[in-house]
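Written below as structure tokens is the structure these notes are about.
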Amino acid sequence: MDSLKDLVEFMAKSLVDKPENVEVDEIPGQQTTLLALKVDKEDLGKVIGKQGKTAAAMRTIIRAAGTKLNKRYHLDIVE
Numbered sequence: 039m040d041s042l043k044d045l046v047e048f049m050a051k052s053l054v055d056k057p058e059n060v061e062v063d064e065i066p067g068q069q070t071t072l073l074a075l076k077v078d079k080e081d082l083g084k085v086i087g088k089q090g091k092t093a094a095a096m097r098t099i100i101r102a103a104g105t106k107l108n109k110r111y112h113l114d115i116v117e
């Protein structure tokens with residue numbers, strides 16, 4: 039994994055039924071880099087998880103990895 043973008047893409051593709059529709063956009067900001075995750079509508083529930091636990095776990099991993107790189111990242115799941 040070269041970047042957190044690749045990490046998010048790998049995690050999302052592991053969860054969904056249609057990995058070919060997974061797309062991650064990295065949008066750098068002044069203080070925080072936004073990672074926008076797009077998946078197929080049918081797979082949205084799998085990425086978010088029950089009560090948002092899967093999404094929260096992914097965000098925790100991204101935050102921890104970003105801390106190690108001395109950068110701030112935010113994961114957004116978009117339709």
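When the letters of the sequence shown are read in order and numbered with the working numbering, they come out as residues 39 to 117.
Ideal Cβ positions, reconstructed from N, Cα and C, are used throughout, including at glycine.
Bear in mind that the values here come from a model prediction, so they are computed numbers and not experimental data.
- Rounded to whole angstroms, the Cβ separation of Val-60 and Lys-43 is 11 Å, and the two are not in contact under 8 Å.
- Note on geometry: alpha-carbon atoms of Gln-69 and Arg-110 lie some 7 Å from one another.
- With fewer than 16 other beta carbons inside 10 angstroms of its own, Ile-65 counts as exposed.
- Taking C-beta separations shorter than 6 Å and ignoring five residues to either side along the sequence, the partners of Asp-78 in its chain run Lys-56 and Asn-59, following chain order.
- Secondary structure note for Leu-75: its beta strand (DSSP E) is the uninterrupted segment 70-76.
- Judged by their CB atoms, Leu-113 and Val-46 are nearer to each other than the 9 Å cut-off.
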